[in-house]
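UniProt numbering numbers the first residue of the sequence shown as 1 and each following residue consecutively.
Inspection log for the structure reproduced underneath, given as C-alpha cells.
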Amino acid sequence: MEIVKPNRSIPSATVIPVLVYPDVRAAVEWLTTVFGFAERIRIGEDHRSQMRVGEDGAVIIADVRGQRTPPQPGVETHVLKVRVEDVRAQYERAKSHGAAILADLAEQPFGELQFTVEDLAGHRWEFCESVRDVDPAEWGGTVVEG
1 MEIVKPNRSI PSATVIPVLV YPDVRAAVEW LTTVFGFAER IRIGEDHRSQ
51 MRVGEDGAVI IADVRGQRTP PQPGVETHVL KVRVEDVRAQ YERAKSHGAA
101 ILADLAEQPF GELQFTVEDL AGHRWEFCES VRDVDPAEWG GTVVEG
C-alpha cells in the first residue's frame, strides 16, 4: 500500500467512516462527552465535523442531506469497532452518561474484552481492549494473509 500525501484538511487515518446524524452539533457534543472523542475541524455550523478518535483514528460526522439518512430503528447496517487502552473505563464513562449499552462488557474467545453501545442517532459502537494474544485457529479463524 502506498503512503498517502499529508493534507491538513483531512484526518490522516487510512479509513475514515462518514456517519450521518440528524443534528451534527448534538452528535459532536454527545460523542465528545460520552466517548471522549475530540472535534478536529468544524465545517459550517451544522454541515460536518471531523473528529479525532484516539491517537490515529477519525470519523466524520455529516448532516442529513439528499440521500444521506441516519440509522433506522431496528435495522443494523454497521458497527464501528474502536480499540482503546482501558475498555472498563470507556464502559463506565458511557454508562454514567446514560448511553444505551446493547452488549455488556465481556471477554471474547478471540482475546478482546468488549462492549457494544448505541449513540444518540442509533449508530452502534463496539469498544474493545486486547487482553490476550490468541492464535486465530483457537477460535476457528483462518489466517489468509501473513
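Yeah, the Cβ is synthetic: ideal placement off N, Cα and C, and Gly gets one too.
Since the model is a prediction, treat every value here as computed from it, not as a measurement.
Starting from residue 30, trace the alpha helix (DSSP H) both ways and give me its first and last residue. 24-30
Between the segment 70-88 and the segment 110-129, do at least 3 Cβ pairs fall closer than 8 Å? yes
Between the C-alpha atoms of residue 47 and residue 62, what's the straight-line distance to the nearest angstrom? 6 Å
Can you tell me whether residue 74 is buried or exposed, with buried defined as 16 or more other CB within 10 angstroms of its CB? exposed
State buried or exposed for residue 96, treating a residue as buried only when at least 16 other CB atoms are found within 10 Å of its CB. exposed
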